[in-house]
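Numbering (my numbering), first residue to last: 20 to 105.
Quick reminder that beta carbons are idealized off the backbone N, C-alpha and C, glycines included.
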């Protein structure tokens, strides 16, 4: 499972969200990739998926969470994706 968190330096919610995602991904043994939207690679990801709201999470290159998520929401999302993944 590939989990990417799209963030931006100017996004105050993104840092809080990054802490939540890092903690829960670690619990699930999943590597979290932080993608900075201020970079060409980050801009390309956001453009490809038409993302305008941050933070945003892609799981296996599919947008799965847009905006701020609670710890419970992140936990439930990862658990659901793990059940779907063979």
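DSSP state of residue i mapped onto helix, strand, coil
i	result
residue 80	coil
residue 33	helix
Beta-bridge partners of residue i, as assigned by DSSP
i	result
residue 22	51 and 78
Cβ-based neighbour list, residue i, same chain, cut-off 8 Å, excluding 5 preceding and 5 following
i	result
residue 90	39, 42 and 43
residue 87	32, 35, 36 and 74
residue 72	85 and 86
residue 52	21, 22, 23 and 24
Residue i CB to nearest heavy atom of the ligand SAH below 6 Å
i	result
residue 50	For the ligand SAH, the structure offers nothing, since it holds no ligand at all.
7 Å Cβ cutoff met for residue i and residue j
i	j	result
residue 25	residue 56	yes
residue 20	residue 64	no
residue 23	residue 54	yes
residue 96	residue 47	no
Cβ-based neighbour list, residue i, same chain, cut-off 7 Å, excluding 5 preceding and 5 following
i	result
residue 104	20
residue 93	39, 40 and 43
Contact set for residue i: own chain, Cβ-Cβ below 6 Å, skip 5 residues either direction
i	result
residue 61	54 and 55
| Which runs of the alpha helix (DSSP H), 4 residues or longer, sit entirely within the region 35 to 102? | Taking only runs of at least 4 residues, the alpha helix (DSSP H) segments lying wholly in the region 35 to 102 are 59 to 67.
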